[in-house]
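Here's the structure, in structure tokens; my notes come after.
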Amino acid sequence: MLQNHESIKGSLNRPQHPERVLVTGGGGFLGYALCERLRARGDRVASFSRSRYPELDQIGVSQIEGDLRDEEEVARACRDVDAVFHTAAKAGVWGRYEDYFSVNVTGTRNVLAACRKNKIPRLIHTSSPSVVFNGNDMAGVNESAPYPARFHAAYPETKAAAEKEVTAAGRQAAPMTITIRPHLIWGPRDNHLVPRIIERAHRLKRIGPGDNRVDTIYIDNAALAHVLAADRLAEAPELSGRVYFVSQDEPIPVWDMVNRILAAAGKPPVKGAVSFRAAWTAGLVLETVYRLFLLKGEPPMTRFVARELATDHWFDISAAKRDLGYRPEVSTEEGLRRLAEWLQAEARNPNIE
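Residue numbers (my numbering): 4 to 356.
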């Protein structure tokens, strides 16, 4: 579903000349929003994904099907473009390390190699604040926060490895890079966070006191940050190799946000609570059972999720404001209104795009 196309069109300055850009994972949640924004301002956009998406055809995005893990396919997809937005990744809190590594690390290496081979000057890489999560509260930290000595899940570990390689390449301008760390992206078309909350509404319980605060980011704001990064990198090459947190810039108690998303879906708020220790222990037991019996799917709780839901996760985004000119253009209240409207439309017609 094309969202607020006219407002997007008027919200960004157009480049002096339309650019040719490639978005990896253009059919995904962030990838589609990014394609939509780039097309709205007149850029020629191609998407590189494993599947074809009719909704991308509808907004004039050309599509290249291929596997991020195949170096030659990635190199072919990157021909004749001015910039690459690398949003494709394997996300999640459970699964084999090798599966995460093959997409998140090998895939990113292939994108870097393709940029070099095709002499593409700019790469905007999507990372995650979880790459610096050490299991403790992160309250107002900035980009100086170090990578942890130990990771608690394959996703942040492999995203950190990929981010390090992108940053190292950017410091040598081979290619120039900026890495964006959006936290908890949500909004219409969300196929990860919002569905997980809604599907588990009947058994969700608050973990711990519930006053820990988190940053989130509305989907259009996340796409905006990426486009601003690409434009600024063209103007200010000295930013190459930098990493930026981006968010709504208004930390909120995590369970308040969960309840607001549930309300947008017409669901009652979370009732009941468990201690962090009980949730962590349940995660340990469930992880063990799933591994021993090779169970499919994802455990209802993991130790990583327990830590994430019981600790502060909010970040100082002054660097993104200063260097990229980033400011959220859609408020949390407006985003929730749009989310509720979309969820209602989905309920009436599950096949809507």
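Just so you know, even glycine gets a beta-carbon here, dropped at the ideal spot from N, CA and C.
{"query": "The region 131–143 contacting the region 314–323, beta-carbon criterion three pairs below 8 Å", "result": "yes"}
{"query": "Segment limits, alpha helix (DSSP H) that includes Arg229", "result": "Here residue 229 is His; the residue named in the question, Arg, does not match the sequence. Note, His229: alpha helix (DSSP H), Ile222 to Glu238."}
{"query": "Span of the alpha helix (DSSP H), counted from its first residue to its last, around Ile264", "result": "Val257 to Ala267"}
{"query": "Environment of Ala152 [buried if 16+ CB atoms lie within 10 Å]", "result": "exposed"}
{"query": "Where the alpha helix (DSSP H) through Trp345 begins and ends", "result": "Thr335 to Arg351"}
{"query": "Separation of Leu289 from Trp97, as counted between CA atoms", "result": "11 Å"}
{"query": "Extent of the continuous beta strand (DSSP E) run through Thr90", "result": "Element bounds for Thr90: n/a, residue is neither H nor E."}
{"query": "Pairwise C-alpha distance: Leu37 and Gln6", "result": "Confidence at Gln6 is low in this model, with a pLDDT of 45, below 50, so the placement of that residue should be treated as unreliable; the coordinate-derived value is given next. If you take the alpha carbons of Gln6 and Leu37, they lie about 12 Å apart."}
{"query": "The beta strand (DSSP E) enclosing Tyr247, as first and last residue numbers", "result": "Arg245 to Val249"}
{"query": "Ranges of the beta strand (DSSP E) found wholly within the region 133–173, counting only runs of at least 3", "result": "141–144"}
{"query": "Assigned secondary structure, Val114 (DSSP; H/G/I helix, E/B strand, else coil)", "result": "helix"}
{"query": "N- and C-terminal bounds of the beta strand (DSSP E) containing Phe318", "result": "His316 to Phe318"}
{"query": "Host beta strand (DSSP E) of Gln175 (start-end)", "result": "Note, Gln175: premise wrong, no beta strand (DSSP E); not H, not E."}
{"query": "Endpoints, the beta strand (DSSP E) within which Phe51 is located", "result": "Arg47 to Ser52"}
{"query": "As assigned by DSSP and simplified to three states, the class of Val273", "result": "coil"}
{"query": "Stretch-stretch touch, CB-based, cutoff 8 Å, three pairs: the region 45–63 with the region 244–252", "result": "no"}
{"query": "Euclidean distance between Cα positions of Ile127 and His89", "result": "6 Å"}
{"query": "Close-in-space but distant-in-sequence residues of the same chain around Val48 (CB under 6 Å, 5 per side omitted)", "result": "Val24, Cys38, Leu41, Arg42 and Val64"}
{"query": "Stretch-stretch touch, CB-based, cutoff 8 Å, three pairs: the region 342–354 with the region 260–270", "result": "yes"}
{"query": "For Tyr103, the nearest candidate out of Ala164, Leu115, Glu349 and Lys208 (CA to CA)", "result": "Ala164"}
{"query": "Between the CA atoms of Arg306 and Ala281 - distance to the nearest angstrom", "result": "10 Å"}
{"query": "Asp223 at chain B interface by Cβ criterion, 7 Å", "result": "Among the protein chains of the structure shown there is no chain B, as only one such chain exists."}
{"query": "Span of the beta strand (DSSP E) around Leu25", "result": "Arg23 to Thr27"}
{"query": "Cut-off 8 Å between Cβ atoms - residues of its own chain near Ala91, not counting five sequence neighbours on either side", "result": "Thr27, Gly28, Gly31, Gly34, Phe51, Ser52, Leu71, Val106 and Gly110"}
{"query": "Reduced DSSP category for Ser65 - H, G, I as helix; E, B as strand; rest coil", "result": "strand"}
{"query": "Assumed close pair Lys208, Ala276 - CB separation to whole angstroms, cut-off 8 Å", "result": "6 Å"}
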